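J.: Here it is, the structure in full.
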Amino acid sequence: MAGRIRDEDIAAVRERSDIAEVIGQHVQLRNAGGGNLKGICPFHDEKSPSLSVSPARGLFHCFGCSAGGDVIRFVERIEHLSFSEAVESLAARAGIQLRYADGGPSSHRPSGQRARLVEAHTIAAAFYQEQLETPEAQPARDFLTGRGFDAAASNRFGCGYAPAGWDSLTKHLLGRGFTPAELNLAGLSRESGRGSLIDRFHRRLLWPIKDVGGEVVGFGARRIHDDDKIEAKYLNTPETPIYKKSQLLYGMDVAKREIATQRQAVIVEGYTDVMACHLAGVTTAVATCGTAFGGEHVNVIRRLWSSNSAEEAQATTKVIFTFDGDAAGMKAAERAFKDEQKFLAQTFVAIDPAGKDPCDLRQAGGDPAVRALIESNVPMLRFMLATIIKRFDVDTVEGRVAALNLTVPLVAQIKDPSHRFEYARELARLSGVANPDEILSRVRGMARAGENQQRTQPAPAQAGAVPGVPPKVGQAEREVIKAALQLPEVVAEQFDQLGPQAFLTAVHQQLQTAIAAAGGAAAGRTGPAWVERVSEHLPPGSEARAAVNALAVEPLRSGTDAQSRYAEAMVVNLAEQVVARQVAQLKSKVQRLDAVGDAEEQGRLFGQLMQLEQRRRALRSRAIGGES
Numbered sequence: 000m001a002g003r004i005r006d007e008d009i010a011a012v013r014e015r016s017d018i019a020e021v022i023g024q025h026v027q028l029r030n031a032g033g034g035n036l037k038g039i040c041p042f043h044d045e046k047s048p049s050l051s052v053s054p055a056r057g058l059f060h061c062f063g064c065s066a067g068g069d070v071i072r073f074v075e076r077i078e079h080l081s082f083s084e085a086v087e088s089l090a091a092r093a094g095i096q097l098r099y100a101d102g103g104p105s106s107h108r109p110s111g112q113r114a115r116l117v118e119a120h121t122i123a124a125a126f127y128q129e130q131l132e133t134p135e136a137q138p139a140r141d142f143l144t145g146r147g148f149d150a151a152a153s154n155r156f157g158c159g160y161a162p163a164g165w166d167s168l169t170k171h172l173l174g175r176g177f178t179p180a181e182l183n184l185a186g187l188s189r190e191s192g193r194g195s196l197i198d199r200f201h202r203r204l205l206w207p208i209k210d211v212g213g214e215v216v217g218f219g220a221r222r223i224h225d226d227d228k229i230e231a232k233y234l235n236t237p238e239t240p241i242y243k244k245s246q247l248l249y250g251m252d253v254a255k256r257e258i259a260t261q262r263q264a265v266i267v268e269g270y271t272d273v274m275a276c277h278l279a280g281v282t283t284a285v286a287t288c289g290t291a292f293g294g295e296h297v298n299v300i301r302r303l304w305s306s307n308s309a310e311e312a313q314a315t316t317k318v319i320f321t322f323d324g325d326a327a328g329m330k331a332a333e334r335a336f337k338d339e340q341k342f343l344a345q346t347f348v349a350i351d352p353a354g355k356d357p358c359d360l361r362q363a364g365g366d367p368a369v370r371a372l373i374e375s376n377v378p379m380l381r382f383m384l385a386t387i388i389k390r391f392d393v394d395t396v397e398g399r400v401a402a403l404n405l406t407v408p409l410v411a412q413i414k415d416p417s418h419r420f421e422y423a424r425e426l427a428r429l430s431g432v433a434n435p436d437e438i439l440s441r442v443r444g445m446a447r448a449g450e451n452q453q454r455t456q457p458a459p460a461q462a463g464a465v466p467g468v469p470p471k472v473g474q475a476e477r478e479v480i481k482a483a484l485q486l487p488e489v490v491a492e493q494f495d496q497l498g499p500q501a502f503l504t505a506v507h508q509q510l511q512t513a514i515a516a517a518g519g520a521a522a523g524r525t526g527p528a529w530v531e532r533v534s535e536h537l538p539p540g541s542e543a544r545a546a547v548n549a550l551a552v553e554p555l556r557s558g559t560d561a562q563s564r565y566a567e568a569m570v571v572n573l574a575e576q577v578v579a580r581q582v583a584q585l586k587s588k589v590q591r592l593d594a595v596g597d598a599e600e601q602g603r604l605f606g607q608l609m610q611l612e613q614r615r616r617a618l619r620s621r622a623i624g625g626e627s
């Protein structure tokens with residue numbers, strides 16, 4: 000096993016890895032001003048973007064959940080890797096040959112677990128794709144052509160075939176240096192009843208499933224032979240360290256840019272539907288991988304949309320679900336509706352009247368038919384209201400009451416009052432209520448009750464507020480610490496003269512002490528290496544340590560001023576405040592002296608006061624630009 004990666008190689012990985020590009024594969028980033036970018040945090044559920052990325056400093060921080068660090072830390076968390084595995088993954092992307100502390104270079108194959116599993120899947124995908132060209136795979140090719148997919152379409156989506164041999168892929172991968180334990184862990188092989196290692200898939204048409212970064216992490220396999228002993232139409236890779244079906248969407252690797260650009264996502268039900276949509280020009284289509292659409296899938300999509308507020312997201316983004324017209328499709332629609340509010344987007348449903356899915360429609364009517372289906376979408380809420388109403392006989396009092404008991408709360412959840420009004424009228428029409436005001440009154444009452452409940456919730460504390468310290472003082476101290484972390488070379492002279500007593504906030508005192516212990520702002524370090532060095536002098540899990548990343552990323556409040564000038568002025572201002580406090584203390588002491596008996600001490604203190612006042616004036620002058 001390889002030893003520890005050399006420090007200089009880790010530094011090279013940090014330097015040559017574009018943190019905005021790496022994070023941008025998972026999150027849609029927007030300009031946040033001051034050279035920073037912002038987006039929806041992938042590590043917790045949120046409505047407004049609180050993830051801040053500083054490309055210039057190579058750091059990220061979420062002001063909602065406090066996740067933060069450099070590009071290596073991001074890859075560790077998002078891909079569930081160890082530190083070494085994250086470095087190896089980034090090194091492979093950047094073309095960096097790693098060396099280890101044992102003196103040897105890394106082998107040609109990555110040594111981290113995730114990298115090994117991904118490589119095995121990449122080789123397997125190529126193997127399966129080659130097998131699709133064999134005579135044995137004719138039924139698989141016939142299946143594809145019968146659904147309108149030629150060889151070019153098959154190659155575009157990497158379709159493959161699992162041969163009949165019990166261990167064809169297993170032998171192939173063992174010959175490439177993979178161990179039985181790795182193939183079992185990857186879900187590519189499994190133990191037979193006799194204890195031997197055999198392939199997971201046999202005699203099936205395969206689709207490679209890729210993560211958002213485009214790496215193969217699993218497969219979906221369709222039954223094509225009537226004598227297949229496994230009757231399930233589809234089999235998928237089991238849960239593995241790299242395959243989490245609740246977090247994967249088939250087609251996301253090729254759809255993510257269009258989803259972000261068009262601010263639209265189309266959710267279909269199968270692999271062939273994704274193929275049909277993309278070939279028809281609906282390039283925002285994705286599908287789940289052997290599981291129902293759920294909350295984690297919502298988060299995967301939402302990260303691609305960055306908005307300033309939940310209201311903006313609701314107004315500018317659109318999710319369209321396509322479902323089969325049968326009972327199973329209706330159940331899928333109801334499940335999707337439960338997560339509808341999580342999207343913070345306008346949600347719609349597109350169902351063909353004849354019950355055809357996008358693949359069937361493309362076969363029957365060509366590409367225009369698929370596009371027409373997507374364009375025929377109706378609002379999700381309207382669809383759900385109509386679907387629920389159809390279950391009841393609204394010509395009877397009992398049926399009408401039961402239907403309204405289920406539908407009125409849905410309308411009351413609508414935040415926009417004008418939309419609530421229109422949907423209340425729509426519900427009255429669907430349910431056969433003669434007077435729409437009756438429905439509207441119920442909706443208003445329920446909505447008002449919900450709003451009152453929200454008002455009684457305690458307001459969250461303002462970010463940066465420090466108990467016992469005036470907000471302006473706490474904010475000023477925060478800016479000074481930010482300056483020392485972000486622009487140490489600019490503020491080193493003044494900052495390093497400050498002691499812990501210059502700060503009134505305990506966390507800021509701890510940070511000042513840690514910066515001094517790390518060599519001070521004059522140490523000559525910047526970026527992730529500087530922040531990491533400071534963090535080493537703070538207790539793990541402490542509030543101060545969590546604050547380091549936040550303050551290293553949070554933009555300085557420089558306004559129209561140059562950041563370097565602003566940073567210097569803030570540090571000088573704090574130094575001037577420290578002197579002002581010393582002056583006040585000294586004046587108080589002088590006033591307590593006996594003018595006759597303590598004349599000598601009084602004179603000495605007056606001399607100190609004059610020196611402090613002179614220093615105070617010099618600092619104030621420098622802060623406003625009177626001196627260079």
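Just so you know, numbering that gives the first Met the number 0 puts 556 at position 557 of the sequence shown, and the rest follows in order with no gaps. All C-beta atoms in this analysis are idealised placements derived from N, C-alpha and C, irrespective of residue type, glycine included. It should be emphasised that the depicted structure is a prediction, and the values quoted were computed from it without experimental measurement.
By the three-class DSSP mapping on this structure, what secondary structure does P207 have?
T.: The answer is strand: DSSP assigns P207 an E or B state.
J.: If S49 sits next to C40, beta carbons under 8 Å apart, how far is it from one beta carbon to the other, in whole angstroms?
T.: That pair is a contact at about 6 Å.
J.: With a CB to CB cut of under 7 Å and the five nearest residues on each side skipped, what residues in its chain are close to D198?
T.: Closer than 7 Å at Cβ, skipping near neighbours: A161, W165, D166, S167, L168, T169, S188.
J.: Would you mind stating whether K244 and V211 have Cβ atoms separated by less than 8 Å?
T.: Not a contact, by the Cβ cut-off of 8 Å.
J.: Which class does R361 belong to by DSSP, given the choice of helix, strand or coil?
T.: Three-state DSSP puts R361 in a helix.
J.: Is R146 helix, strand or coil when you go by DSSP?
T.: In the structure shown, R146 sits in coil (DSSP, three-state: anything other than H, G, I, E or B).
J.: Unbroken alpha helix (DSSP H) runs of length 4 or more, entirely within the stretch 118-200: which are they?
T.: Whole alpha helix (DSSP H) segments, 4+ residues: 137-145, 150-155, 167-174, 179-185.
J.: If we ignore side chains and look at the alpha-carbon of each, how far apart do Q511 and R5 end up?
T.: Each residue's Cα considered, the two are about 30 Å apart.
J.: Which term fits N572, buried or exposed, when burial requires 16 or more other beta carbons within 10 angstroms of its beta carbon?
T.: So N572 ends up on the buried side.
J.: Counting only C-beta atoms, is Q509 closer than 8 Å to chain C at any point?
T.: Absent here is chain C; the protein component of the structure consists of one chain.
J.: Just to confirm, is the Cβ distance from R146 to C288 under 8 Å?
T.: No.
J.: Mind checking whether E181 and R115 have CB atoms under 8 Å apart?
T.: Cβ atoms of E181 and R115: closer than 8 Å.
J.: Is it right to say G354 is buried, meaning 16 or more other beta carbons lie within 10 angstroms of its own, or is it exposed?
T.: Exposed, because fewer than 16 other Cβ atoms sit within 10 Å of the Cβ of G354.
J.: Tell me the residue span of the beta strand (DSSP E) that contains L234.
T.: 233-235 is the extent of the beta strand (DSSP E) around L234.
J.: Less than 8 Å between the C-beta atoms of V21 and V70, yes or no?
T.: Yes, they are a contact pair.
J.: Measuring CA to CA, which of H171, T239, G213, A163 is closest to L204?
T.: Looking at the Cα atoms, A163 is the closest of the given residues.
J.: Report the start-end ranges of each alpha helix (DSSP H) in the stretch 240-292 that is 4 residues or longer and not cut off at the edges.
T.: List check, alpha helix (DSSP H) in window: 251-261, 270-278.
J.: Just how far apart, CA to CA, sit A574 and I18?
T.: C-alpha separation (whole angstroms): 35 Å.
J.: Alpha carbons only, please: which of E488, E492, A546 is nearest the one belonging to A651?
T.: Given that the chain is displayed from residue 0 to residue 627, the structure contains no residue 651 and the question cannot be resolved.
J.: CB V265 to CB I373, shorter than 8 Å?
T.: In contact: V265 and I373 (Cβ atoms closer than 8 Å).
J.: Hey, quick one: how far does the alpha helix (DSSP H) through V506 stretch, first residue to last?
T.: It spans 505-516 - the alpha helix (DSSP H) in which V506 sits, taken as one unbroken run.
J.: Which partner residues does S53 have in the DSSP bridge list?
T.: According to DSSP, which records beta bridges pairwise, S53 is partnered with L58.
J.: Note down the Cα distance separating Q24 from G213, rounded to an integer number of angstroms.
T.: Q24 and G213: Cα-Cα distance of roughly 9 Å.
J.: Report all residues from its chain with a CB closer than 6 Å to the CB of G398; omit the five preceding and five following residues, and keep chain order.
T.: The answer, listed in chain order, is F391, D392.
J.: Are there 16 or more other CB atoms within 10 angstroms of the CB of P207, so buried, or fewer, so exposed?
T.: So P207 ends up on the buried side.
J.: Identify the residues that DSSP records as bridge partners of V215: which are they?
T.: Paired residue(s): K209.
J.: Looking only at DSSP bridge pairs, what is F320 linked to?
T.: In DSSP, F320 forms a bridge with I266, V348.
J.: Looking at the structure shown, is D6 part of a helix, part of a strand, or coil, going by DSSP?
T.: Correct three-state label for D6: helix.
J.: Shortest alpha-carbon distance to T260 belongs to which of G174, R441, L303?
T.: Nearest of G174, R441, L303 to T260, Cα basis: L303.
J.: Between which residues of its own chain and R15 is the CB-CB distance below 8 Å, once the five residues before and five after are set aside?
T.: The residues are A93, I95.
J.: Rank L28, Y99, Q576, E437 by C-alpha distance to the C-alpha of L472 and give the top, closest one.
T.: The displayed chain sequence assigns Val, not Leu, to residue 472. Here the closest residue by C-alpha is Q576.
J.: In whole angstroms, give me the CA-to-CA distance for R544 and L97.
T.: The straight-line gap from Cα to Cα measures roughly 30 Å.
J.: Once the 5 residues before and after A401 are set aside, which same chain residues still bring their CB inside 8 Å of it?
T.: Closer than 8 Å at the Cβ level, and outside the excluded window around A401, lie F391.
J.: Excluding the 5 residues preceding and the 5 following V377 in the sequence, name in chain order all residues of the same chain whose CB lies nearer than 8 Å to its CB.
T.: Cβ neighbours of V377 beyond the five flanking positions: F347, V348, A349.
J.: Please return the same chain residues whose Cβ sits closer than 7 Å to the Cβ of K317, not counting the five positions on each side in sequence.
T.: Within the same chain, K317 has close Cβ partners R262, Q263, A344, Q345, F347.
J.: What separation, rounded to the nearest whole angstrom, lies between the Cα atoms of S417 and T290?
T.: Going from the Cα of S417 to the Cα of T290 covers about 36 Å.
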